[in-house]
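Residue numbers (the working numbering), protein chains in the order written: chain A, 26 to 330; chain B, 73 to 581. Here a beta-carbon is modelled for each residue, glycine too, at the ideal position from N, C-alpha and C. From a predicted model like this one, the values you see are computed outputs, not experimental measurements. Below is one structure, written out as structure tokens; comments come after it.
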Amino acid sequence: MSRYLGARAAQAAVAIFFALTAVFFLVRITGDPVILFLPLDVQPKDISEFRHLLGFDQPVWVQYLAFLDRAAHGDFGASLRYRVPALPLVLHRFPATLELAAVSLALVALVAVPIGILSAARRGSVVDALGIAVTALGQAVPGFWLGLMLIWIFGVWLRWLPVSGFGDWRHFVLPAVTLAAFYAAQIARVTRSAVLDALGQDYVRTARAKGIREAGVLVRHVLKNAAIPVVTVFGLNAGQVLGGAVVTETIFAWPGLGGYILNALVGRDFPVVMVGVFFTSVIYVAMNFLVDLSYLWLNPQVRYH
Amino acid sequence: MRDALRRAAVAGLLVSLGALLLPAGLTAQGRPAQVTIGIGSEALTLMGATIVDWTTNAQLENIYDTLFTRDPKTEAIIPWLATGYKVIDDRTWEFTLRHNIKFHDGERFTAEAVKFTFEYIIDPKNKTHYLPRFKPVQSVEVVDDYRVRVHTSEPFPVLLSYLSLPGPFMLAPVYVQKVGIDYASAHPVGTGPYKFKEWVRGERLVLTRNPSYWAGPVRIESVVFRVIPEFSARLAALLSGEIDVMKDVPPQAVETVNRSGRATVRSTVSSRINYLALETLHPGPMQNVKVRQAITYAVDVDELIKTVLAGRATRICGYVGRFDTAYDGGLKCTAYDARRAARLLQEAGYDPGKLALTLDTPNGRYPLDKEVSEAIAAQLGRLGITVHVQVNEWRSHLDKIINRNVGDMFFLGWGPDLEPVGTVAQLFVGNLTYSGFGDPRIEEMIHRAEVIVDPAASNAAFRKVQETLQPMAPWVPLWQQHDLYGAATWIVWQPRPDEKLWMWEASPK
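This is the structure in structure tokens:
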């Protein structure tokens, strides 16, 4: 097991390294950040002086090596726009994202999994048809549209809930529902097909032949086997949501990671972008690892070497 | 592009839904005089005189003061922390300062503060964005507590104007030196109408009334700047009463806001000018003056204002707006004349049917910029010219212009346009980036004009520049847009041409 963990950690480090490298060069292709930080009426020679001041006049590979050297020591540099260290800036945004992700994912698990199981168990029934319709809708409706509709109906018209911002539980309702809708639809569909798949297996027929009641068959034999694809997709979703939900966060003025990193990218705040990429890739790698570990528990036949 | 479609779709949807859902005739409830302003992004720093960014300065000017300021209606320069100035010689300015002014922490405002602020700006170590702007400043000399001299390396007449714009906010020297720049950047101390109370990054900045503000009583108890990135979410927040003020109400939503009973749309002519530059810096038909003239005759600016902007713009004929000291009211607009345009093209040897041009436009930077560009393309299409409208994200629009790979025409705004040195002199000399046009005669006229310290003579010289420019047809001068602000009905406040959100000027009804 410890050898396995060591290998996984090495893999993770390599993945993160490549992500950082790719993004480092990609953001530099987007152009010179310096002009965005100066008034439009500045003379070209002053622009080049300022570029020198910020170190952007050096060849890209020199900048890259300097970046690697500092990053290896945990120093991602200061934000170009905010002039304070980039790492704490990004970390400061994480709690809001984490809370929203936790609420949304809980909502997804509590709503989507039962719908999926019920649809599969009652395949072809009205319940199933309804489930399919609702989940298709959930996946088809764009998040920004749903968010704005919810804002308009519950915030502006009915005035039940605040339209945006971060605060008490009432602020969570609309963004969490908006964010959960898409993933819930996806998880419900994955659950339904996984359960259907498991229901067709030989061991289910055997269990039924032994006279176990249908509910018992579902709970004891089907669910655990159907769980692997569901957990896989859920883990990927969790990675995405924890990396910051750009659209939802933007619409609801949620002070989380997603909108922040996007803004940094648009404003060419390279150090913040790099920290953001580092952070989100760590989350992704960690979620994948947790998913893999869950396989061990769900299916003891899975072995790692 | 997808973003644009999405925005358009959302705006349309919101407006039509708003019309259906909003109950008319809601009354404003009595509430404490706290103004919450919805703003698209957070302040980048709370340190004055550091970063050039509208959002940052709009918040900071409530905390700090500048030496001079601008009249809310005419945009004329008026004394503020300074009571006046004297031109000692063409490289030395003396400013006299107002007495008995204190920073929020009790520190006295004196000539030392002015010296400290200038030295903060011009010290390369601080990397302030104002360094290039104030570069001619060589040294600052304290004469006595209330007199200070600024020595410049060259005649620098635009200094006064720069000191009246947001940015060079007077810093508290004792405080900043005591706590350090890092701390002061998050805990500002100024002489302004509001004191700093709380800053939650990415969420809000809370300010409270300065009870002993030197310029008079502050009538709004507290001001909160709340970050709401999406404009439609800001609009929803305004309509639900969560915020009281927002800038840039979408033109399609004006009716909805006015009928909400909670807020009204208040508009002002902006000091910013918009123009269509005809790019002559790379080979192409625009290098031919007759083609450029033809374009200026073929674009019907009045029609654009009427049909695309619903009248929410004021036309300009020259190369500066009406708040610019060098504005020339006598300059005549090029009148729309399609026949003349066709003739000019013929004289230039171009068959309009075979002429294909590219027009670069930003999307969402200025009100309805993309729609205006498409309408211009349609107007030129009447002559038979094919115009391809290239829609750019703002940063890449700037990149294309700077790197000279922009099309034959580009749409741009420039502001605040308050004096000619920051506009005409920037646009038509040097690398000519944002005008796309240069002429040695014009450059020479500008070089002579920009060192004239006497305001009247300087303005006359710049008016002459504009008259000379007009027949060269470097741009199609368009307009000054009208800025639309939404403000709660209970607030007495008028927006300003310079886009300040200065809540010192606001009061409850």
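Got a sec: is the Cβ-Cβ distance from residue i to anything in chain B below 8 Å?
i	result
residue 306(A)	no
residue 184(A)	yes
residue 222(A)	no
residue 284(A)	yes
residue 195(A)	no
residue 232(A)	no
residue 130(A)	no
residue 98(A)	no
Determine the chain A residues that contact residue i at a beta-carbon separation under 7 Å, and present them in chain order.
i	result
residue 474(B)	60
residue 260(B)	Chain A residues near residue 260(B): none, gap ~14 Å exceeds 7 Å.
residue 503(B)	69
residue 311(B)	181
Please name the residue or residues paired with residue i in a DSSP beta bridge.
i	result
residue 141(B)	150(B)
residue 554(B)	341(B)
residue 579(B)	564(B)
residue 348(B)	483(B) and 548(B)
residue 297(B)	109(B) and 277(B)
residue 110(A)	103(A)
residue 336(B)	559(B)
residue 156(B)	168(B)
Quick check on residue i - is its C-beta less than 8 Å from some C-beta in chain A?
i	result
residue 17(B)	The requested residue 17(B) is not part of the displayed model; chain B covers only 73 to 581.
residue 97(B)	Model confidence at residue 97(B) stands at a pLDDT of 29, short of 50, so the residue's coordinates are unreliable and nothing is read from them.
residue 305(B)	yes
residue 489(B)	no
residue 396(B)	no
residue 570(B)	no
residue 522(B)	no
residue 252(B)	no
residue 225(B)	no
residue 174(B)	no
residue 113(B)	yes
What first and last residue would you give for the alpha helix (DSSP H) that runs through residue i?
i	result
residue 170(A)	168–175
residue 86(A)	85–97
residue 54(A)	27–54
residue 128(B)	126–132
residue 302(B)	First-last for residue 302(B): undefined, no H or E at that position.
residue 288(A)	282–291
residue 218(A)	194–224
residue 122(B)	Note, residue 122(B): premise wrong, no alpha helix (DSSP H); not H, not E.
residue 323(B)	Neither: residue 323(B) is in no alpha helix (DSSP H) and is coded neither H nor E.
residue 152(A)	151–165
Using a Cβ cut-off of 7 Å, pull out every chain B residue sitting near residue i, in sequence order please.
i	result
residue 275(A)	301 and 302
residue 278(A)	299, 300, 301 and 305
residue 107(A)	116 and 117
Which residues in chain B have a C-beta closer than 8 Å to the C-beta of residue i? List them in chain order.
i	result
residue 82(A)	Chain B residues near residue 82(A): none, gap ~14 Å exceeds 8 Å.
residue 313(A)	The contacting residues do not exist; residue 313(A) stays about 29 Å from chain B at best.
residue 78(A)	196 and 199
In chain B, which residues lie with their C-beta within 9 Å of the C-beta of residue i?
i	result
residue 291(A)	465, 466 and 467
residue 262(A)	Residues of chain B passing the Cβ test: none, with the nearest at roughly 23 Å.
What residues from chain A crowd round residue i, counting only those whose CB sits closer than 9 Å?
i	result
residue 314(B)	180, 187, 188, 189 and 190
residue 201(B)	62, 63, 64, 67 and 75
residue 471(B)	55, 56, 57 and 60
residue 273(B)	107, 114, 117, 118 and 280
Ends of the beta strand (DSSP E) at residue i?
i	result
residue 106(B)	106–111
residue 317(B)	317–319
residue 483(B)	481–486
residue 462(B)	458–464
residue 387(B)	385–387
residue 570(B)	Element bounds for residue 570(B): n/a, residue is neither H nor E.
residue 227(A)	Element bounds for residue 227(A): not the beta strand (DSSP E) but the alpha helix (DSSP H), 227–234.
residue 434(B)	428–434
Using a C-beta to C-beta distance shorter than 8 Å, which residues of chain A count as neighbours of residue i?
i	result
residue 233(B)	Going along chain A, no residue has its Cβ under 8 Å from residue 233(B), so there is no contact; the nearest lies around 12 Å.
residue 204(B)	63, 64, 67, 68, 71, 72, 74 and 75
residue 319(B)	Within 8 Å Cβ-Cβ: nothing; residue 319(B) doesn't reach chain A, min ~15 Å.
residue 530(B)	Per Cβ cutoff of 8 Å: no residues; residue 530(B) is ~17 Å from chain A at best.
Contiguous beta strand (DSSP E) assignments of at least 3 residues, all confined to the stretch 158–207 of chain B: Correct list: 164–169.
Within the stretch 208–293 of chain B, ranges of the alpha helix (DSSP H) (whole runs, at least 4 residues): Correct list: 231–236, 245–251 and 253–256.
Start-end ranges of the beta strand (DSSP E) lying completely within the stretch 233–280 of chain A, minimum 3 residues: Listed in chain order, nothing qualifies, since the stretch 233–280 of chain A has no complete beta strand (DSSP E) run of 3 or more residues.
Every unbroken alpha helix (DSSP H) within the stretch 472–529 of chain B, with a cutoff of 4 residues, ordered by chain: Segments of the alpha helix (DSSP H) lying fully in the stretch 472–529 of chain B: 496–499 and 512–521.
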